[in-house]
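Chemist: Going left to right, the sequence shown walks through residues 3 to 298 as the numbering used here numbers them. First, the structure itself, so that you have it in front of you.
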Amino acid sequence: MTGKSALSVLFLGVAIGVAGLAIFSPSWGPPPPSAVRTVDNVLPSAPTAPPTAWPDYSLNGPGFLTPAMADGELVAYGHRLVTQTFAVIGPEASDPAKRFAGNNLSCQNCHLDSGTNRTGLPLVGVAKTYPKFSARDNRVLSLPERLDDCMTRSMNGRPLPRESRETKALLAYLRFIAEPVPMQNEPAPAPPQPADAVRGFTVFGTVCAACHQLDGQGVRIGSVNDARGYRFPPLWGPDSFNDGAGMNTFDDAVGFVRRNMPRGVDPRHPQLTPQQAWDVVAYLKTRPRPKDPSVR
Ligand code: HEC
Ligand code: HEC
């Protein structure tokens with residue numbers, strides 16, 4: 003794709019997103035202007051154009067080199083499930099029987115760079131740490147059970163059947179990237195002041211909206227129902243993770259946002275201050291999103 007056509011696709015995406023929001027879902031939009039106060043916070047400068055610093059995982063991207071090993075094909079399918087989740091098991095997937103995820107996210111929208119990015123919720127090494135005690139579920143979880151949690155909450159969908167090729171492929175891929183020492187999701191340093199959603203809205207509007215849009219609905223790569231996922235994923239609304247997801251907690255979201263957003267930032271030199279990261283997450287937590295069906 004040439005730079006120019008990529009740009010026009012982006013603009014088209016933005017136009018469709020804005021038009022779609024105006025027509026169909028006003029309730030997912032930004033808060034009324036009355037809720038917006040300015041603060042004397044020094045904000046980092048907003049990116050003027052989306053960076054191209056991360057790999058192309060779109061359907062046109064270069065793809066994954068199938069490893070020369072017994073279950074190499076399965077590993078490659080697992081990689082595809084992590085990077086192009088929307089196309090294979092998303093709500094718009096060509097095979098209706100495989101529509102297990104409830105949104106058009108990909109696993110790597112959060113587990114960055116197919117789960118191999120040190121600061122982006124890495125999946126490297128985690129397979130070896132299961133079965134593992136989950137404080138949240140208050141019991142020991144097997145790796146497939148942990149996958150169910152991300153499927154039902156982060157992907158706002160339903161569990162993959164245990165005997166499916168999809169479960170086997172994800173497990174094969176997770177084992178494939180499990181050889182190195184496991185990496186932890188680093189927590190963010192505590193904020194100097196309590197997190198404040200009003201200040202957070204200013205951060206959101208100045209920094210995040212350039213990509214995720216002011217209405218938080220992101221920018222699709224193609225159009226609705228073509229199962230091509232997002233160039234910039236939504237941060238709330240009907241096609242986002244649900245309120246039971248880890249990304250809806252300060253614990254998981256603050257460190258992720260601080261080190262990885264704006265996408266492409268060098269995690270060793272974050273653009274956001276810890277305070278700004280806490281504030282913007284506080285703002286995200288005020289936004290509407292689907293309910294976790296497992297909580298009543
Ligand atoms: C909306 C963001 C998001 C999406 C999308 C998402 N996850 Fe997660 N996932 C998380 C968070 C947050 C955690 C908790 C991280 C932690 O505990 O360190 C997590 C944890 C996990 C874990 C356990 C990691 C560990 O260290 O124990 C696995 C495995 C996992 N996810 C797999 C997946 C797979 C496979 C998909 C796609 C089908 C997926 N996730 C989609 C946010 C997400
Ligand atoms: C330069 C564009 C850009 C900017 C600016 C940006 N993001 Fe992102 N964001 C992305 C991309 C791209 C992804 C998906 C990562 C991937 O697929 O590699 C993402 C993913 C995310 C995710 C996890 C996926 C999801 O759907 O929830 C969160 C949370 C997030 N961003 C929050 C923020 C916040 C908060 C800000 C502002 C502080 C921000 N982002 C600024 C591009 C951006």
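For glycine and all other residues, C-beta sits at the position ideal for the given N, C-alpha and C.
For Q278, does the three-state DSSP call read helix, strand or coil?
Modeler: Helix, per DSSP.
Chemist: Between which two residues does the alpha helix (DSSP H) containing L76 stretch?
Modeler: From DSSP, the alpha helix (DSSP H) with L76 extends over G74 to T85.
Chemist: Measure the alpha-carbon distance for S166 versus K100 and round it to whole angstroms.
Modeler: Answer to the nearest angstrom: the Cα atoms are 10 Å apart.
Chemist: Within the continuous beta strand (DSSP E) that includes Y232, where are the two ends?
Modeler: Unbroken beta strand (DSSP E) run through Y232: Y232 to F234.
Chemist: Only counting the same chain, and skipping five residues up and downstream in sequence, which positions put a Cβ closer than 6 Å to that of G74?
Modeler: So the qualifying residues of the chain are T68.
Chemist: State yes or no: is the C-beta of V128 within less than 8 Å of the C-beta of F135?
Modeler: Cβ atoms of V128 and F135: not closer than 8 Å.
Chemist: Taking the Cβ atom as the reference point for each residue, do A229 and G92 lie within a distance shorter than 8 Å?
Modeler: For A229 and G92, yes; Cβs fall inside 8 Å.
Chemist: Count Cβ pairs between the region 254-270 and the region 279-286 that sit closer than 8 Å; are there 3 or more?
Modeler: At 8 Å Cβ cutoff, the stretches touch.
Chemist: Can you tell which of K293, D268 and Q110 has the C-alpha that lies nearest to the C-alpha of T87?
Modeler: Nearest of K293, D268 and Q110 to T87, Cα basis: Q110.
Chemist: Ordered along the chain, which non-local residues of its own chain (more than five positions away) have a Cβ less than 8 Å from that of A199?
Modeler: Only D281, A284, Y285, K287 and T288 meet the Cβ criterion.
Chemist: Mind checking whether the beta-carbon of L61 lies closer than 7 Å to any heavy atom of ligand 1?
Modeler: No, ligand 1 has no heavy atom inside 7 Å of this Cβ.
Chemist: If you draw a straight line from the alpha carbon of H81 to that of F252, how long is it in whole angstroms?
Modeler: Going from the Cα of H81 to the Cα of F252 covers about 28 Å.
Chemist: In whole angstroms, give me the CA-to-CA distance for P290 and N244.
Modeler: For P290 and N244, the distance between alpha carbons rounds to 9 Å.
Chemist: On the premise that Y232 lies in contact with G248, defined as a C-beta separation below 8 Å, what is that separation, rounded to the nearest angstrom?
Modeler: About 19 Å; that fails the 8 Å criterion.
Chemist: I'd like the span of the alpha helix (DSSP H) that includes V200, first residue to last.
Modeler: Per DSSP, V200 belongs to the alpha helix (DSSP H) from A199 to V205.
Chemist: Nearest CA to the CA of L274: which residue from C210, V297, T154 and A174?
Modeler: With distances taken between Cα atoms, L274 lies closest to C210.
Chemist: Check L172 in the structure and name its three-state DSSP category.
Modeler: L172 falls in the helix class under three-state DSSP.
Chemist: If you draw a straight line from the alpha carbon of L61 to that of D139, how long is it in whole angstroms?
Modeler: Answer to the nearest angstrom: the Cα atoms are 35 Å apart.
Chemist: On the DSSP letters alone, give me the boundaries of the alpha helix (DSSP H) that L107 sits inside.
Modeler: Run containing L107: none; DSSP gives neither H nor E here.
Chemist: Measuring alpha carbon to alpha carbon, tell me which residue in D294, L176 and S156 is nearest Y79.
Modeler: Measuring from the Cα of Y79, the nearest candidate turns out to be L176.
Chemist: Using only CA atoms, which one of C112, F178, G224 and T118 lies nearest to M153?
Modeler: Minimum Cα distance to M153 is reached at C112.
Chemist: On the CB-based measure, 16 or more other CB atoms within 10 Å of its CB, does Q215 come out buried or exposed?
Modeler: It counts as buried.
Chemist: Pull up the CB-CB distance for L173 and L145, whole angstroms please, since I reckon it's below 8 Å.
Modeler: 6 Å between Cβ atoms; contact.
Chemist: By alpha-carbon positions, which one of V226, H271, R270 and R265 ends up nearest to E94?
Modeler: Measuring from the Cα of E94, the nearest candidate turns out to be V226.
Chemist: Where does K293 fall in DSSP's three states?
Modeler: Reduced to three states, the DSSP call for K293 is coil.
Chemist: Between the C-alpha atoms of R66 and R164, what's the straight-line distance to the nearest angstrom?
Modeler: One point to set straight first is that residue 66 is Phe, not Arg, in the sequence displayed. Roughly 25 Å separates the two Cα atoms.
Chemist: Do S116 and ligand 2 come close, with the Cβ less than 7 Å from some heavy atom?
Modeler: S116 Cβ: outside cutoff for every heavy atom of ligand 2.
Chemist: Straight-line CA distance for T121 to R270?
Modeler: Roughly 9 Å separates the two Cα atoms.
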